[in-house]
Amino acid sequence: MKKDLLGLKDLSAKNISDILDTAATMKLILQQPNKKTPHLQGKTVVNLFYENSTRTRLSFELAAKYMSANAANITASGSSVQKGETLIDTAETINAMGTDILVMRHNMSGAPHLIAPLVSASVINAGDGMDEHPTQALLDMLTIKEKKGGFKGLKVAIIGDISHSRVVRSNIYGLTKLGAEVSVGGPSTLIPQGMEQMGVKVFKSIQEAIVDADVVMGLRIQLERQKSGLFPSLREYYRFFGVDEKRLKFAKPDALVMHPGPVNRGVEFSSAVIDCDQSVINEQVTNGVAVRMAVMYILSRGGFEE
Ligand code: CP
């Protein structure tokens, strides 16, 4: 059994389907007036975040609390990391306090892979550098499954900063394992070489990427990367790659509009597209809590089947 969730690259199609089925059950709990269940009673969940987060950190915390776990948060800025403590020493310290589940976000790709074999706690990757963000992709997949019924033959277009996105990598692993066809599109400076080897189609024009799509997923343009000159300006990015109502018409009429957040209005999508009837961005956020409950539930019962 695997005690950790480090990425969707490591999970089988069955592991992923089991998480989505469990999340659907967890969602029923979220719809009750009393959201408390005893599934993680007596367990301790610690969120260790070296990068900023709104959605991921809060939804892990709420998921843990809804299942009656003891939940605590640590951010790098308020911890002994500021005094020079290493990541390994910090993780081992948290583990030594009886932590059962350690949720980690780190700016270095591979950080949770380094920690997982060193601690008895189950480690959940909440986003590592440009590598993976598995629970984000799982909540995206739960949203798609709810709306479209499944994944076989579904056309998913992912648009934006493909190079620096951990969300896109986890989605590609998860969606292709369950039978979806994935296209990626964006400026050529933001698409890495060899994407086709991940089993996706690559387009340099947004129209080609989203034509006949069942799902149009935008990725955050990382404003901090603008300094490195990967595209001339946000205005020019929006002109050529932003999804507005006109461009959305290239997709199927009932295509879902998705975004992991945080979204830059008027950059990845127009405000009209973010707020349109096809947009499921807020439902993605709700599903994030259900997916994180499901993952922690499965890990607390021994982990994922190999
Ligand atoms: N989607 C996502 O990871 O959002 P946060 O950075 O707010 O957690």
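Here numbering that gives the first Met the number 0 is used: the first residue of the sequence shown is 0, the next is one more, and so on.
Just so you know, even glycine gets a beta-carbon here, dropped at the ideal spot from N, CA and C.
Between the region 66-80 and the region 151-162, the count of C-beta pairs closer than 8 Å stays below three; the two stretches do not touch. Between V166 and E131, the alpha-carbon positions lie close to 6 Å from each other. K251 and A156 have their C-alpha atoms some 11 Å from each other. Beta-carbon to beta-carbon, L174 and I18 are separated by about 14 Å, too far to satisfy the 8 Å threshold. Assignment of N170 by DSSP, reduced to helix, strand and coil, places it in the helix class. For I205 and G265, the gap between their C-alpha atoms comes out near 16 Å. Secondary structure note for K200: its beta strand (DSSP E) is the uninterrupted segment K200 to F202. A direct Cα-to-Cα measurement between D139 and A90 gives close to 29 Å. Each of N51, S52, T53, R54, T55, R56, G126, H132, Q135, V166, P259, G260 and P261 has a C-beta closer than 7 Å to some heavy atom of the ligand CP; these make up the full list, in chain order. When DSSP states are grouped into helix, strand and coil, T142 belongs to the helix group. Restricted to the region 80-157, the alpha helix (DSSP H) segments that are unbroken, complete and at least 4 residues in length are 86-94, 110-114 and 133-147, listed in chain order. Residue nearest to F59 within the set T24, S78, G41 and R104 is R104 (criterion: CA-CA distance).
Taking a 10 Å sphere around the C-beta of E304, we find fewer than 16 other C-beta atoms and assign the residue as exposed. Within its own chain, the residues whose Cβ lies closer than 6 Å to the Cβ of S108, once the five positions on either side in sequence are excluded, are D127, G128, M129 and D130, listed in chain order. Sixteen is the threshold: when 16 or more other Cβ atoms of the shown chains lie within 10 Å of the Cβ of M292, as they do, the residue is buried.
DSSP places M257 in no alpha helix (DSSP H) but in the uninterrupted beta strand (DSSP E) bounded by L255 to M257.
Using a C-beta cut-off of 8 Å, the region 233-248 makes contact with the region 265-277, since at least three inter-stretch Cβ pairs fall below that distance. Only residues of its own chain outside the window of five on either side were considered, and among them S182, V183, G184 and A208 have a CB closer than 8 Å to the CB of F202, listed in chain order. K13 is not bridged by DSSP to any residue. In the three-state scheme derived from DSSP, where H, G and I count as helix and E and B as strand, N72 is classed as strand. The beta carbons of L101 and V80 sit no closer together than 8 Å. Under DSSP, R264 forms a beta bridge with F268. The DSSP-derived three-state label of F230 is coil.
The continuous alpha helix (DSSP H) containing V284 extends over residues I280 to S299.
In the three-state reduction of the DSSP assignment, T43 falls in the strand class, which pools E and B.
Under the 10 Å beta carbon count, M96 is surrounded by fewer than 16 other beta carbons and is classified as exposed.
The C-beta of K13 has fewer than 16 other C-beta atoms within 10 Å across all chains shown, which makes the residue exposed.
Under the three-state reduction of DSSP, E244 is assigned to helix. Per the coordinates, the alpha-carbon of P186 lies some 26 Å from the alpha-carbon of L7. Taking a C-beta distance under 8 Å as the contact criterion, R219 and N281 do not qualify as a contact pair. Leaving aside the five residues that flank A22 on each side, the residues in its chain whose CB is nearer than 6 Å to its CB run, in chain order, L141, A289, V290 and A293.
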